[in-house]
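Each remark here refers to the structure printed beneath this line.
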Amino acid sequence: MRLGFFLKEALRSMKRNPIPSFAAMASVLVTLLVLGVFIPVVQATTGAANEVRQKVSLEVYLKRNVTQDQITHVRGILADQQGVKTVQFVSKADAYKRESKQNPEAYALLGSNPLPDSFRITPDNPDDITAIRDALAPTTASGKRTVIDPAIDEVKNRKDETDKILTATKVVKLAMLLLCGLLVVASALLVSNTIRLSLFSRRREVEVMKLVGATDWFIRWPFVIEGIILGSLGGILAILMLAVGKIAFIDPLAADFALISAPQTMSLGLLALLLMLAAVGVSTLGSGLSLRRFLKV
Amino acid sequence: MAATEQPSRAAAALKRRAAGNPAPPVVELRGVSKRYEGGDVGLDRVDLSIARGEFVFVVGHSGSGKSTLMRLLIKEGDATEGSIRVAGRDLGDLTRRKVPYYRRNIGMVFQDFKLLPNRTVHDNVAYALQVTGASRKEIRAKVPDILRLTGLSTKLHNFPDQLSGGEQQRVAVARAFVNHPPLLLADEPTGNLDPETSIGIMQLLYRINRTGTTVVVATHDVAMVDQMRRRVIELQRGRIVRDQAAARYSGGEPNTAELGALLKEHLEP
Ligand SMILES: Nc1ncnc2c1ncn2[C@@H]1O[C@H](COP(=O)(O)OP(=O)(O)OP(=O)(O)O)[C@@H](O)[C@H]1O
Ligand SMILES: [Mg+2]
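Residue numbers (our numbering), protein chains in the order written: chain A, 1 to 297; chain B, 1001 to 1269.
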């Protein structure tokens, strides 16, 4: 009975202030749309960055004309290093095959195979890669690198590139987080403003309600419900639009882009639930903000 | 708050009075002053006591403080000085949170009606019940009843701005009565009514009073006061200048006996 009454009151108020109500709903809608796009994108980039991290490896190039014995010896040294997960031998011929496939013209010009034999080491933990490198090729007092075995020519890693990727994703994530935060604040303020307008336009009415014995909360509930309805409406619309967008645009492309179909993105259902929670949270916060200050009649 | 409760309460009050143990006054003002911010004097050191079940008229010129008295009684604003007790409760001790519950025990007809502009006649009256958490059944039972009593049955679905002044006034009366409060304050309940409808409202007030409800009416309606012959309290610039039982509206030419009684009443603390 009470809830029914409050609901009716909230709808009555929305009917009376359609424009601010619409503005509040639209702002929640926009916020949620942005959130709904950002959350999966951030997740996908994080997933991609992690994959890059997983692929981090150390290339140990051997000197030209090493013997089979030396290769076996070096493999033993490498496998003994701490934190090493796998050691994979890449022969001259294999390397040539792969590289010439990627860049056939250049290799056709070369004619002969300039590539050395090498080992590819993957670490247990991508963060250990520098330590492993330092162990294999310690820096001398003069600042030059030496190698622990004469058969080894050079130890290289792709850490530098990885770092760049990781920093870039971090910056992107931070920027998105900031933007999302700003949007959330903005729509909370807009909802708050709507409720305040609604309250303000009914100041006299609220005064009369109090004179005939209405408690603060009896007056407040319809406004809170109004805020929640506006937020939920925005949320539902945003989820529908996101779902349509996903089905119409993303799904047909998903086959081509690894990023979009990254397994780390959450299901649409969970995302919808999260967005709905955000919508209700934002609007409750918004109406709470103005009610606290504005109902001291 | 049921209507059936009232007669038994009145009976109990009568019994107590018969036993020489007068019931505590419903309304008791001691040295109450009200000064508004601009310096206007609303009330000036008013002492007043109204017993349970009484019917009291408050008369006086425009601006003499009648509405101020009514407003203080529903705690719409605080007295600047003095203490006000209603049903034994000191209004100064009433916390903000308790005020709504206190007001539900008082029916008030406001001079400016104070109807909710966006609600129909029916919803305006129902609101007074809804704030108390009344059930839909209760509302369906009580609201049409009181609207019939005030002659508004055909205007149920009109909004206040679709009503005449007198009709709006009757809605205000209906809203004040619908709860069957033990204390009824009516500020000019017949100000906009033709004599016939006024009589109807007065009869309604009379009936309500007969069930044990204390009724205080602020009015300029000479005919009504003269006809009813009830206690009359006259205010002048915020002070009580006359408090007379079974009196007429005009206290302008009291006979010497009345004047003597009046003086005595005022000189005695
Ligand atoms: N809210 C207010 N602020 C300032 N002064 C006020 C306020 N309300 C009333 N007054 C002043 O207090 C005095 C008493 O006013 P009140 O409304 O009690 O008179 P009244 O007897 O009800 O008059 P009327 O018969 O015209 O209704 C007047 O001088 C009025 O100007
Ligand atoms: Mg007045």
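Note that the Cβ used here is the ideal one computed from N, Cα and C, for glycine as well.
- Taking 8 Å as the cut-off, the Cβ atoms of residue 171(A) and residue 231(A) do not count as close.
- Listed in chain order, the non-local C-beta contacts of residue 124(A) below 6 Å within the same chain comprise 83 and 85, local neighbours out to five positions each way being set aside.
- In this structure residue 1034(B) is buried. Its beta-carbon is surrounded by 16 or more other beta-carbon atoms within 10 angstroms.
- Around the CB of residue 1056(B), 16 or more other CB atoms lie within 10 Å, so the residue is classed as buried.
- Judged by beta-carbon spacing, residue 42(A) lies within the 8 Å limit of residue 173(A), meaning their Cβ atoms are closer than that value.
- By the rule that beta-carbons nearer than 8 Å mark a contact, residue 1114(B) touches chain A.
- For residue 1132(B), the residues of chain A that pass the 8 Å Cβ criterion are 213, in the order they occur in the chain.
- In this structure, ligand 2 has a non-hydrogen atom nearer than 7 Å to the beta-carbon of residue 1187(B).
- Non-local beta-carbon contacts of residue 1064(B) in its own chain, meaning distances under 6 Å to residues more than five positions away in sequence, involve 1235 and 1236 in chain order.
- Per the DSSP secondary-structure output, residue 145(A) pairs in a beta bridge with 139(A).
- Our two residues, residue 1082(B) and residue 1031(B), have alpha carbons roughly 5 Å apart in a direct line.
- Under the three-state reduction of DSSP, residue 191(A) is assigned to helix.
- In this structure, residue 1218(B) has its CB closer than 7 Å to one or more heavy atoms of ligand 2.
- Residue-level contact by beta carbon holds for residue 1104(B) and chain A, with a gap shorter than 8 Å.
- The beta-carbon of residue 1074(B) is placed less than 8 Å from the nearest beta-carbon of chain A.
- Apart from sequence neighbours up to five positions away, the residues of its chain that approach residue 1216(B) with a beta-carbon distance below 6 Å are 1056 and 1185, ordered along the chain.
- Between residue 1116(B) and residue 208(A), the beta carbon gap of about 6 Å places them in contact (Cβ cut-off 8 Å).
- In the DSSP assignment, residue 226(A) falls within the alpha helix (DSSP H) that extends over 216-245.
- As the crow flies, the alpha-carbon of residue 169(A) is around 16 Å from that of residue 56(A).
- Ligand 2 has no heavy atom closer than 7 Å to the beta-carbon of residue 1114(B).
- Residue 1179(B) and residue 206(A) have their C-alpha atoms spaced approximately 20 Å apart.
- In the three-state scheme derived from DSSP, where H, G and I count as helix and E and B as strand, residue 48(A) is classed as helix.
- CA-to-CA, the gap between residue 1118(B) and residue 229(A) works out to about 21 Å.
- Taken through DSSP and simplified to helix, strand or coil, residue 157(A) comes out as strand.
- For a Cβ distance threshold of 7 Å, residue set 1114 and 1116 of chain B lies close to residue 208(A), ordered along the chain.
- Cβ-Cβ distances below 8 Å link residue 135(A) to 81, 82 and 148 in the same chain, with the five nearest sequence neighbours on each side left out; the list follows chain order.
- For residue 61(A), the enclosing beta strand (DSSP E) begins and ends at 58-62.
- Those residues of the segment 1161-1185 of chain B placed with their C-beta closer than 8 Å to a C-beta in chain A are 1175, ordered along the chain.
- In terms of beta-carbon proximity, residue 218(A) lines the interface with chain B, with at least one pair separated by less than 8 Å.
- For the segment 193-208 of chain A, the beta-carbon criterion of a distance under 9 Å to any beta-carbon of chain B is satisfied by 202, 204, 205, 207 and 208.
- Residues of the same chain with a CB within less than 6 Å of the CB of residue 154(A), apart from the 5 flanking positions on each side, are 61 in chain order.
- Around the C-beta of residue 1037(B), fewer than 16 other C-beta atoms lie within 10 Å, and the residue is accordingly described as exposed.
- Placement of the Cβ of residue 1169(B) at a distance of 7 Å or more from every heavy atom of ligand 2 is found.
- Around ligand 1, the residues whose beta-carbon falls short of 6 Å from at least one of its heavy atoms are 1036(B), 1038(B), 1040(B), 1042(B), 1060(B), 1062(B), 1063(B), 1064(B), 1065(B), 1066(B), 1067(B), 1068(B) and 1111(B), given in chain order.
- Counting other Cβ atoms within 10 Å of its Cβ, residue 1169(B) reaches 16 or more and is therefore classed as buried.
- DSSP places residue 287(A) within a helical segment (H, G or I) once states are collapsed to three.
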